[in-house]
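In full-length UniProt numbering, the protein residues as written are 1 to 73. Worksheet for the structure shown next.
So, in structure tokens, the structure goes:
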């Protein structure tokens, strides 16, 4: 996980996003990391900026490109 590689907690990343003008709850970030939901394009761009990586780095495996449905097998 890129966040962990950067030494950031979920709260740290949420704070960076908030400072960049895109507030997000740490629990929402956790859901994104666990592939429960996916970030909207604006949040994805903010996450990339906060993590200092290109957006493509986040869409190549660390974040889902489609959201799995709850209870899907």
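From the three backbone atoms N, C-alpha and C, an ideal C-beta is built for every residue, glycine too. Since the model is a prediction, treat every value here as computed from it, not as a measurement.
Residue i vs residue j beta-carbon contact at 7 Å
i	j	result
residue 55	residue 44	yes
residue 57	residue 16	no
residue 23	residue 11	no
residue 8	residue 29	no
Beta-carbon proximity list for residue i, same chain, < 7 Å, skipping 5 on both sides
i	result
residue 6	51
residue 110	There is simply no residue 110 to check, as the chain begins at 1 and stops at 73 in what is shown.
Residue i CB to nearest heavy atom of the ligand FMN below 6 Å
i	result
residue 43	In the structure shown, the ligand FMN is absent, as is every other ligand, since no ligand is present at all.
Residue i - DSSP class collapsed to helix/strand/coil
i	result
residue 63	Confidence in residue 63 is poor, its pLDDT being 45 and thus under 50, which makes the residue's placement unreliable; the coordinate value appears in the next sentence. Residue 63: coil per DSSP, three-state reduction.
residue 55	helix
residue 46	helix
Exposed unless 16 or more other CB atoms sit within 10 angstroms - verdict on residue i
i	result
residue 2	buried
Cα-Cα separation, residue i to residue j
i	j	result
residue 34	residue 4	13 Å
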